[in-house]
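S.K.:
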Amino acid sequence: MESMVTGVPALSGWCAYKEIEWLDFPRSIHNDQSKEQDIISIRRKVEEVGQFQIELSNDRLRLYSYISASTVK
């Protein structure tokens, strides 16, 4: 079932995972205080670190932890 977990962890804290398929960086964070993240800057930082498959939309950046061989440059 771990592969079906999305969103904020129900335990309201850190969780240990065996593997991570992707990480989402939302543009807007809504909790007690709404905040905006600069997902373009996040993308640039990630690209400095290594080669990852990234999806960028208006509301989030998704960083995949695995890439298929066909997407490797």
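Using our numbering, the letters of the sequence shown map in sequence onto residues 450 to 522.
Don't be surprised by glycine CBs; every beta carbon is placed ideally from N, CA and C.
Please report the distance separating the alpha-carbon of GLU468 from that of GLN482.
M.R.: Counted from its first residue, the sequence shown places residue 468 at position 19. Counted from its first residue, the sequence shown places residue 482 at position 33. If you take the alpha carbons of GLU468 and GLN482, they lie about 30 Å apart.
S.K.: Closer than 7 Å to a non-hydrogen atom of the ligand MN - does that hold for the CB of ASN507?
M.R.: As far as ligands go, the structure on display features none, and thus does not contain the ligand MN.
S.K.: Compute the distance between the beta-carbons of ILE410 and ARG492, then report whether it is under 8 Å.
M.R.: Because the chain in this structure spans residues 450 to 522, residue 410 falls outside the shown range and cannot be described.
S.K.: Relative to the alpha-carbon of ILE488, which residue among ALA465, ARG476, PHE501, ASN480 has its alpha-carbon at the smallest distance?
M.R.: Locating residue 488 in the sequence shown gives position 39, where the first residue counts as 1. Residue ARG476 is the option with its Cα nearest to ILE488.
S.K.: Ends of the beta strand (DSSP E) at ILE503?
M.R.: Here residue 503 is taken as the residue at index 54 of the sequence shown, counted from 1. That run of the beta strand (DSSP E) goes 502-505.
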